[in-house]
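Have a look at the structure below before the remarks.
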Amino acid sequence: MSEVTRTVVVRSEPLPRRTFRIFVELEGMYRNMVEQLVLHAVNSGITKFTRLKAERYREVRSLYPQLPSHYAYTACQDAAERAHSFLRLKKMGKARKPYPEVRSVSIWLDDHLWRAEGLISISMATHRGRVNVSIELNKHFLRYVNRGWRLASEAKVKLDHRERRLIFYLTFKKEVSEYRPKAYITVDVNESAEAVLIDGVVYLFETDLSRVTLGYYYRRKRVQEKYDSVYGPGSRPERRVFRRLSGNEKALKREIRQKLAALIVREAARRQAAIVLERLGKEPAKGMIERIKDPQLRHRVYQAAFKGVQRAIEEKAREYGVPVIYVDPRNTSRVCPIHGAEIVYGGNRHGVCSKGGETWHRDVVACYNLLLRALGGDGGDAPSRLRALIPVDGGPVPLGPTAAHEPTGVPRALWARWRSLRPIMNEQMIEVKA
Ligand SMILES: [Zn+2]
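All letters in the sequence shown, in the order written, are residues -10 to 423 by the working numbering.
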């Protein structure tokens, strides 16, 4: 049994000026408390909430007697966390300033400071008494409510000064227990696609993650050249464009990874299957991105295409109670899963088994070898269990869209609209019948 936590953002309706002013005052007082607490905590090397509260709660509490006392309490929690991460950065020599700046504030709330009034409004305790604000319902929020998630008492609220709204960060929790796997779904990730072995078929889902990373890299370079020549290096307009570009890049990659992870995890949950992933090292282990010379860029491609993809799957899997298994990734695409002999690759992703002479797609080989390792085989001597799964007679197998050795490619434009694999599975059924 483990607890899964998700944060959901909910906005209030735009507030009347007079009401919003109450929250502006509240934010000011809260910020002031946090600033004082952080200063004290950093000066005395305090990183624990309990100690900070013991030493300073009374003092900050007396600053604003009209404010509900729990704000002083949550300000201590907030400040302790800020001090903790600042002191850690300082230890690593990464802190740029002697003290942490309290720049953006989200007010930490506990069960005394807020409560949901049904689904349409939130009541908050303030220095002017309780204030009710109506919230805008969104799909995301309703999905968690309808699927049996429990709304936790801790929350945060931020002020949107431009639109005079409150932005709530609500926490949903759920107890999930992992099932015992009845089957395996293996996932082999490469820089532009994820190969997934489900029910004896390898699907190759295009992600184009490295192309996204590289595309934005070159766009940034062009922007830099242009702005540097006009404004000089590191100008404000240049930084603004950079910020927008990297925001867009992050959002696009996150969407790609999360959508595909959700698709894979739902299929696993439907079959009560475990997901098998490669155990990745710290460094880009795969030769495929070594040709990228810039080490930072290589790191970004690796993070987006390998680490990031795995993290998205892990996170989604936890939510559905899907077990995740890690296996040794070495040589997963080099050895024939049927004959245990080396596969000789030409210039592309297709290779020929040096023993059986059959043709293999690299990602199909990797998927089957991951399955072998999950089943306990060492990849050298294929257990009969697997041999039964791969329809091959040992002779040369022609490449074709329905051959077991060729993955079923699925472009992103297609899978991004799916909630399950049913569309493609139905298509295969029709093909088989015909
Ligand atoms: Zn072979």
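All C-beta atoms in this analysis are idealised placements derived from N, C-alpha and C, irrespective of residue type, glycine included.
It should be emphasised that the depicted structure is a prediction, and the values quoted were computed from it without experimental measurement.
Cβ neighbours of Glu106 within its own chain (closer than 8 Å, five residues either side excluded): Ser112, Asn121. For Lys215, the Cβ stays outside the 7 Å cut-off from all heavy atoms of ligand 1.
Taking every residue with its beta carbon within less than 7 Å of a heavy atom belonging to ligand 1 gives, in chain order, Cys325, Ile327, His328, Ala330, Cys342, Lys344, Gly345, Glu347.
The straight-line gap separating the alpha-carbon atoms of Asn179 and Phe295 is approximately 7 Å.
Each of Arg85, Pro222, Pro284, Gln299 was checked against the Cα of Leu249, and the nearest Cα belongs to Gln299.
Secondary structure of Gly17 (DSSP, three-state): helix. Remark: fewer than three beta-carbon pairs, one from each stretch, lie closer than 8 Å, so the segment 22 to 34 and the segment 166 to 179 are not flagged as touching.
Only residues of its own chain outside the window of five on either side were considered, and among them Ser181, Arg401 have a CB closer than 7 Å to the CB of Asp197, listed in chain order. Where Ala405 is concerned, there is no enclosing beta strand (DSSP E), because DSSP gives it neither an H nor an E. In the displayed model, His116 falls within a strand according to three-state DSSP.
Rounded to whole angstroms, the separation of the alpha carbons of Val134 and Glu(-8) is 16 Å. Taken through DSSP and simplified to helix, strand or coil, Cys342 comes out as strand. Among the bridge pairs identified by DSSP, Lys163 is matched with Val(-7).
Here Thr348 carries a strand assignment [DSSP, helix/strand/coil]. For Gly297, the uninterrupted alpha helix (DSSP H) run begins and ends at 297 to 309, by DSSP.
Around the Cβ of Pro326, a 10 Å sphere holds 16 or more other Cβ atoms; the residue is buried. Just measuring C-alpha positions, the residue of Ser224, Ser142, Ile245 sitting nearest Lys162 is Ser142. Taking Phe9 as the centre and dropping the five residues before and after it, the same chain places the C-beta of Arg153 closer than 7 Å to its C-beta, in chain order. Under the criterion of beta carbons closer than 8 Å, Thr202 and Arg289 qualify as touching, at roughly 5 Å. When only Cα atoms are considered, Arg136 and Phe130 end up about 10 Å apart. In the structure shown, Gly236 falls within a helical segment according to DSSP collapsed to helix, strand and coil. A distance of 8 Å or more separates the beta carbons of Ile124 and Ala69.
Judged by beta-carbon spacing, Tyr357 lies within the 8 Å limit of Leu186, meaning their Cβ atoms are closer than that value.
Residue environment: Lys305 is assigned as buried (16 or more neighbouring CB atoms within 10 Å of its CB, all protein chains considered).
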